[in-house]
Amino acid sequence: MPHAGVEIPTPFADGLVSEWLARRDADWWIDRLYGFAAELGATVVRTTISRTVIDVNRDPCGASLYPGQATTELCPTTTFDGEPLYDPGAAPDATAIARRRETYHAPYHAALAAEIKRLRAEHAALVVYDCHSIRSRIPRLFEGDLPNFNLGTYDGASCARALSVAVERVCDSTDYSRVTNGRFKGGYITRHYGRPEQGIHALQMELACRGYMREEPGPVEPDTWPPHYDPQDAASMRQVLVQILKACLAFAHGV
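Below you can see the structure in the form of structure tokens.
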């Protein structure tokens, strides 16, 4: 869960246009939505740091995941909508980015890599399931309403086809919409750790927020975003996610 965090330590708040704006693009309530994961035996790796401080799902070298398309950087300077996050001249420089990378990005990936190594030593196969969510409408990033389920497998390179098919079947058995390798093909985590030939299968699931919370149409404002997490609003999608993770588990046991 690389984007569920909303913490912005005081030193990193200096120069921000608005702390609300800096938190707005978090993957809201993902930790609660997937609260059942540990009961299925999953290891949960997450950071509490806001992606505005540093995005642990970006290449540490700063290379773009989607060349030629709108996206955000390792240390974002704009929101998803293209609004500046910092006052003029206040964005982190190369030295500040390097310090954030050492303090937050490197430890996150050290923890994730250690868990992958541990589990791979115990099992013939494992699934790295990368949890995300995003507002359903962001014209700068995609046209119209984003499908409910956006499965990314780096165009099939990060996991076995049998795994993506198993997840697709669960999604397609519902009334929710689904696309595979559409606008979101998987971030740095999916691309970096997915090594199906070594028994490490990685996939990203980007959820449209309207599937699990009351996402109202129109401008996103501080008094309306994020909506409160309501277990009843999330119940239907949560049930599908349980089946998706069970499909991942069955795949891992079956290899």
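Residue numbers for the sequence shown, in our numbering: 1271 to 1525. Ideal Cβ placement from N, Cα and C applies to all residues, glycine included. Since we're looking at a predicted model, the values are computed, not measured.
Item, Value
"Which whole-angstrom value is the C-beta distance of A1292 and L1355, which I expect to be below 8 Å?", "6 Å"
"Could you work out which residue in M1475, E1392, L1396, Y1378 is closest to I1404 when comparing CA atoms only?", "M1475"
"Could you check whether the segment 1364-1384 touches the segment 1487-1498, counting it as contact only if at least three pairs of C-beta atoms, one from each stretch, sit closer than 8 Å?", "no"
"Ordered along the chain, which non-local residues of its own chain (more than five positions away) have a Cβ less than 7 Å from that of E1289?", "I1278, A1283"
"Return the CA-CA distance between D1351 and L1310, expressed in angstroms with no decimal places.", "36 Å"
"Under 8 Å by Cβ, that's how I've got L1411 and A1478 pegged, so tell me the actual separation to the nearest angstrom.", "Wrong, their Cβ atoms sit about 12 Å apart, outside the cutoff."
"Which residue wins for smallest C-alpha separation from D1526, given the options R1316, P1330, R1461, M1507?", "Outside the displayed span of the chain (1271 to 1525) sits residue 1526, for which this structure offers no information."
"Give me the DSSP bridge partner(s) of V1398.", "A1472"
"Would you report the Cα separation of T1347 and R1321, rounded to the nearest angstrom?", "11 Å"
"Hey, how far is the Cα of A1394 from the Cα of H1273?", "29 Å"
"Are the CB atoms of I1408 and N1327 within a distance shorter than 7 Å?", "no"
"Hey, which unbroken runs of the alpha helix (DSSP H) at 4 residues or more fall wholly within the segment 1381-1453?", "1431-1442"
"Of the residues T1373, A1308, A1340, which one's Cα is nearest the Cα of I1324?", "T1373"
"Mind checking which residues open and close the alpha helix (DSSP H) that includes Y1463?", "1458-1463"
"Quick check on the DSSP output: the alpha helix (DSSP H) that includes F1350 runs from which residue to which?", "From DSSP, F1350 is part of no alpha helix (DSSP H); its letter is neither H nor E."
"Sorted by chain position, which residues of the same chain lie with C-beta nearer than 7 Å to R1461's C-beta, five sequence neighbours on each side aside?", "Y1424, S1428"
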